[in-house]
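Numbering (my numbering), first residue to last: 1 to 320.
For reference, the structure discussed in these notes is given below.
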Amino acid sequence: MIRCSAGTAKVLGLNNIKADELPTTAYLMVGEHCKFNCAFCAQARESRSRTNLLSRVVWPEFHEQEVLKGLQIPEAQKVMQRVCFQVVQDGKALEEAKSYVRKIKSDNPAMPICVSAGPRSLDEIEDLLKHGVDRVSLALDAATPEVFAQAKDGSWQSRYDLLLEAAGKFPGHIGTHLIVGLGETEEDMARIIQDMYDKGITVALFAFTPVKGTRMENSVKPELEHYRRIQVAHYLIRRKFTRVDEFVFLRGKIVSFSLPLDQLWEYLSDGEAFRTSGCSGCNRPYYNESPREEFYNYPRSLTPEEVKRCWQELITNLDK
Ligand code: SF4
Numbered sequence: 001m002i003r004c005s006a007g008t009a010k011v012l013g014l015n016n017i018k019a020d021e022l023p024t025t026a027y028l029m030v031g032e033h034c035k036f037n038c039a040f041c042a043q044a045r046e047s048r049s050r051t052n053l054l055s056r057v058v059w060p061e062f063h064e065q066e067v068l069k070g071l072q073i074p075e076a077q078k079v080m081q082r083v084c085f086q087v088v089q090d091g092k093a094l095e096e097a098k099s100y101v102r103k104i105k106s107d108n109p110a111m112p113i114c115v116s117a118g119p120r121s122l123d124e125i126e127d128l129l130k131h132g133v134d135r136v137s138l139a140l141d142a143a144t145p146e147v148f149a150q151a152k153d154g155s156w157q158s159r160y161d162l163l164l165e166a167a168g169k170f171p172g173h174i175g176t177h178l179i180v181g182l183g184e185t186e187e188d189m190a191r192i193i194q195d196m197y198d199k200g201i202t203v204a205l206f207a208f209t210p211v212k213g214t215r216m217e218n219s220v221k222p223e224l225e226h227y228r229r230i231q232v233a234h235y236l237i238r239r240k241f242t243r244v245d246e247f248v249f250l251r252g253k254i255v256s257f258s259l260p261l262d263q264l265w266e267y268l269s270d271g272e273a274f275r276t277s278g279c280s281g282c283n284r285p286y287y288n289e290s291p292r293e294e295f296y297n298y299p300r301s302l303t304p305e306e307v308k309r310c311w312q313e314l315i316t317n318l319d320k
C-alpha cells in the first residue's frame, strides 16, 4: 500500500474529488509513524493527528499497482511533471521508496523523481541518486538552531552540515524545505535562504500550518504580509537580483529591499515570486491553505488582480 495526496489521486484517476487547482507533481507518501517528533507535523511520534494527514492535506491509501497504473494514464502523463516521495522516517520507508523509484523509472525513464527524506549520510544520498532520483530534499525546516530546538528533534547543525556536504558532492541535486512562522525572525529566514543559495541548495518555502493533534496545533499561521516579504526576499536572492546584505531590517523585520519601488515592481509584476517554490514542477496546491483562503504559495500563474493584491500585501509595511 502507498499513500498519495488527495489531489494526486484525482489526477491519477483514483478518486473524484472536486478541486479548482490540481497538482503538477505526483505526491506519494511512504511510511507511517515517524520516529522523530516535530512539533508541527501530523506524522510525528507523539502527534494525535489522523495518520492520513501531512500538513493539512489528506493522503488516502491505495494499492501500489493502482498508483503505478494511474501514473501511466494519458491525463496524468499530460499534467504530471515529476514524482515526489515524502518519506516518513519509520526506519524502513527509504528502502520502500527506492523500490517504487525503480518501478516508476522502468515505466517512465524520463520522469524526474525527488525524495524528501532525512537520509543520514552521503552514502544514502548517493544511493538514492543512483536509483534514478534527480533531487534529494533534506528538510532543515527551521531557520536557526534555536527554532529547530523548539520545533524538532536532533541537531540543526548536523542537518546543516550534511546539507552542505551533500551540495558540495552532488551539485544541482540537493534541496531543502524551510517553514516560515515557526518563531524565527524575517532576518533569520532571509539569511538562511541566502546561505542556502550561496551553497547551491534549492529552497522550497512553506508557511507554518497548525494541524489538529500536533504540539503546535494552537500556534498561529504567519500573516500573509510577513510571508510575502519572505517570498520576495527568496525570489530576489534566487534570481540574484540582490543579496540579503542589501536588505534593511528593523527589529528582525524586513523594512526595505533597498530597491526603488518601480524597479521592485518590474521584478515582481509577473507574479513568479508568489508561486510555489522548490523543485521544478512542484506546485503543492492547498498544502498550507484551505480552498477558501488566499494562497500562501500560488500553485499556478497569477491573474493581474492577484499580483496586485500580493504587491499591496508586500508593500504595506515597507519603507517607501
Ligand atoms: S520541493 Fe516539492 S517536489 Fe521537491 S521535494 Fe519538496 S515537496 Fe517534493
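Beta carbons: idealized from backbone N, C-alpha and C, even for Gly.
On a predicted model such as this, the values are computed, not experimentally measured, just so you know.
Within the chosen limit of 7 Å, ligand 1 reaches the beta carbon of H177 through at least one heavy atom. Taking C-alpha positions only, D134 is separated from S116 by approximately 11 Å.
Within the stretch 71-112, the runs of beta strand (DSSP E) that reach at least 3 residues and sit entirely inside it are, in chain order, 82-87. Here A167 carries a helix assignment [DSSP, helix/strand/coil]. Per DSSP, reduced to three states, the secondary structure at V211 is coil, with no helix or strand assignment.
The beta carbon of C84 sits closer than 8 Å to those of T25, A26, Y27, L28, I113, C114, V115, S116, C279, C282, all from its chain and outside the five residues before and after it, given in chain order. Distance from the Cα of Y100 is smallest, within the candidate group T303, I2, L178, S55, for I2. S290 carries a coil assignment under DSSP once its states are collapsed to helix, strand and coil. Taken through DSSP and simplified to helix, strand or coil, C310 comes out as helix. Judged by beta-carbon spacing, I104 lies beyond the 8 Å limit of L12, meaning their Cβ atoms are not closer than that value.
Relative to N15, the option among F40, F62, L53 whose CA is nearest is F62. For L122, the closest alpha carbon among the candidates N108, P109, S137, A110 is that of S137. Annotated three-state conformation of Y296 is coil, per DSSP. For a cut-off of 8 Å, the C-beta gap from H177 to D141 is around 6 Å, short enough to register as a contact. Boundaries of the beta strand (DSSP E) around M29: 25-30. Under the three-state reduction of DSSP output, S137 falls in the strand class. Per DSSP, reduced to three states, the secondary structure at K253 is strand. In the displayed model, T176 falls within a strand according to three-state DSSP. A check of alpha carbon separations from T51 across Y197, H33, L302 identifies H33 as the nearest. Distance from the CA of Y235 to the CA of E165, rounded to the nearest whole angstrom, comes to 24 Å. Nearest to F249 by alpha-carbon distance, out of D319, R284, M196, L261, is D319. Contact between E186 and H226 holds: their C-beta atoms lie close to 7 Å from each other, under 8 Å.
Within the chosen limit of 7 Å, ligand 1 does not reach the beta carbon of S55 with any heavy atom. Using a Cβ distance threshold of 8 Å, A167 and I192 do not count as a contacting pair.
One thing to note: L182 has its Cβ within 8 Å of the Cβ of A151. Classified as exposed, P291 has fewer than 16 neighbouring CB atoms from the shown chains inside 10 Å of its CB.
Taking E306 as reference, the option from S258, A44, F36, R228 with the minimal CA-CA separation is R228. Checking the 7 Å criterion, the Cβ of T24 is out of range of every heavy atom belonging to ligand 1. Approximately 6 Å separates the beta-carbon atoms of T144 and E184; this is inside 8 Å, confirming the contact.
Here D107 is near L68, since their CB atoms are less than 8 Å apart. Under the criterion of beta carbons closer than 8 Å, Q231 and F274 qualify as touching, at roughly 6 Å.
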